[in-house]
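Encoded as structure tokens, the structure appears first; notes follow it.
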Amino acid sequence: MGNKRRVVITGMGTVNPLGHNAADTWQAVRDGVCGIGPITRYDCSAQKVHLAAEVKDWDPTTVLDKKDVRHMSRYTQLAAAAAKEALADSGLDREKEDLTRCGVIVSSGVGGIGTTEAEQTRGLEKGFDRVNPYYIPEAIANMGAGLIAIDLGFQGMCTCPVTACAGGSNAVGDAFRHIRDGYATVMVCGGAEAAVTPLSIGGFTTMRALHTGEDKN
């Protein structure tokens, strides 16, 4: 154990139902704010579940380039924004780092599932050879990690553990071991999801994993 390196968290970032950054999120937690409320991202009147923990009133173009946002699924937007905040919070000077020893491990369980649903509908209406050419790179679960690595110029390990609800914790643990065992000096890690969609909610509803009442508390 004497050869194991010490690992510390130097920066944090988040976009979630309680806040659009780490400071606002922590304040909401202290104030006892509830992040669960009526679903607004789509018409859920024909489904049993009407409540979810949505990220509301968030404009990705306030933190990300408008041109990039056009070709990013929502989960990737959330991941990229959180990573940008975490890097700024860390105070990391990339010019002083060996970027081949800086990596990214960011998880997503279902990736851009909202994009998949939209393109399935488009394919049924116009033919599947007419789907958006950006569909695949927008929908795959590892694109969040990939775009973060590209944006930061990190050239080390870049991967996406897909382990359902444990994904974010899995990514943090993997990143911890990557630094501890000497494979990297810096890792950006975490998880992102944008699964408040008709199909996702429907799937979790039929497996009886969601609350079907109207009491958000």
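First residue of the sequence shown? That's 0 in numbering that gives the first Met the number 0, and the numbers climb one at a time after it. Using N, Cα and C, we set each Cβ at its ideal position, and we do this for glycine too. Because the structure is a prediction, the values reported are computed rather than measured.
Query raised in the report: Between which two residues does the beta strand (DSSP E) harbouring residue 126 extend?
Result: Taking the first residue of the sequence shown as position 1, residue 126 is located at position 127. No residue range can be given for residue 126, since it is assigned to no beta strand (DSSP E) and is classified by DSSP as neither H nor E.
Query raised in the report: Contact check, residue 166 vs residue 98 under 8 Å by CB: the rounded distance?
Result: The sequence position of residue 166 within the sequence shown is 167, counting from 1. The sequence position of residue 98 within the sequence shown is 99, counting from 1. At roughly 25 Å, the Cβ-Cβ gap does not stay under 8 Å, so residue 166 and residue 98 are not in contact.
Requested in this report: Would you kindly work out how many angstroms separate the C-alpha atoms of residue 23 and residue 29, rounded to a whole number?
Outcome: Position 24 of the sequence shown holds residue 23. Position 30 of the sequence shown holds residue 29. If I take the Cα positions, the gap works out to 10 Å.
Query raised in the report: DSSP beta-bridge partners for residue 105?
Result: For the purposes of this step, residue 105 is taken as residue 106 along the sequence shown, with counting starting at 1. Residue 105 is bridged by DSSP to 189.
Requested in this report: Round the Cβ separation of residue 195 and residue 96 to the nearest angstrom and send it over; I've been treating them as touching at under 8 Å.
Outcome: Here the question's residue 195 lines up with position 196 in the sequence shown. Here the question's residue 96 lines up with position 97 in the sequence shown. With 8 Å as the limit, residue 195 and residue 96 do not qualify as a contact, their Cβ atoms being about 36 Å apart.
Query raised in the report: Quick one: is residue 114 buried, meaning 16 or more other Cβ sit within 10 Å of its Cβ, or exposed?
Result: Taking the sequence shown and counting its residues from 1, the one referred to as residue 114 is at position 115. It counts as buried.
Requested in this report: Under the assumption that residue 147 contacts residue 105 (Cβ atoms under 8 Å), give the Cβ distance between them as a whole number of angstroms.
Outcome: For the purposes of this step, residue 147 is taken as the residue at position 148 of the sequence shown. For the purposes of this step, residue 105 is taken as the residue at position 106 of the sequence shown. About 6 Å separates the two Cβ atoms, so the contact holds.
Query raised in the report: Quick one: Cα of residue 82 to Cα of residue 126, how far?
Result: For the purposes of this step, residue 82 is taken as the residue at position 83 of the sequence shown. For the purposes of this step, residue 126 is taken as the residue at position 127 of the sequence shown. Using only the alpha carbons, I get a separation of about 37 Å.
Query raised in the report: Just curious, the alpha helix (DSSP H) that residue 65 is in, first and last residue?
Result: Numbered from its first residue, the sequence shown carries residue 65 at position 66. For residue 65, the uninterrupted alpha helix (DSSP H) segment begins and ends at 65-68.
Query raised in the report: Do residue 48 and residue 211 have their C-beta atoms closer together than 8 Å?
Result: Here the question's residue 48 lines up with position 49 in the sequence shown. Here the question's residue 211 lines up with position 212 in the sequence shown. For residue 48 and residue 211, yes; Cβs fall inside 8 Å.
Report task. Compute the distance between the beta-carbons of residue 79 and residue 71, then report whether it is under 8 Å. Result -> Position 80 of the sequence shown, counted from the first residue, corresponds to residue 79. Position 72 of the sequence shown, counted from the first residue, corresponds to residue 71. The Cβ atoms of residue 79 and residue 71 lie closer than 8 Å to each other.
Requested in this report: On a CA-only basis, which of 26, 102, 4, 34 is nearest residue 15? Give me that one, please.
Outcome: Along the sequence shown, one-based indexing puts residue 15 at 16. That would be 34, whose Cα lies nearest to the Cα of residue 15.
Report task. With a threshold of 16 other CB atoms inside 10 Å of the CB of residue 137, please say whether the residue is buried or exposed. Result -> Numbered from 1 along the sequence shown, position 138 holds the residue referred to as residue 137. Burial call: buried.
Requested in this report: Could I get the ranges of all uninterrupted alpha helix (DSSP H) runs contained in the region 111-187, with 4 residues as the minimum, in chain order?
Outcome: Listed in chain order, they are 112-125, 134-138, 142-151, 166-179.
Report task. Check whether the Cβ atoms of residue 174 and residue 77 sit closer than 8 Å, and answer yes or no. Result -> Translated into positions along the sequence shown, residue 174 becomes position 175. Translated into positions along the sequence shown, residue 77 becomes position 78. At a Cβ-Cβ threshold of 8 Å, residue 174 and residue 77 do not count as neighbours.
Query raised in the report: Of all the options 5, 178, 122, which has the alpha carbon lying nearest to the alpha carbon of residue 100?
Result: In the sequence shown, the residue the question calls residue 100 occupies position 101. Considering only 5, 178, 122, the residue with the shortest C-alpha distance to residue 100 is 178.
Query - Runs of alpha helix (DSSP H) lying entirely within the region 10-80, each at least 4 residues, in chain order - result: Entirely contained in the region 10-80, the alpha helix (DSSP H) runs reaching 4 residues are, in chain order, 21-29, 65-68.
Report task. Name the residue from 182, 46, 19, 94 whose alpha carbon lies nearest to the alpha carbon of residue 60. Result -> Here residue 60 refers to the residue found at position 61 of the sequence shown. The residue with the shortest Cα to Cα distance from residue 60 is 19.
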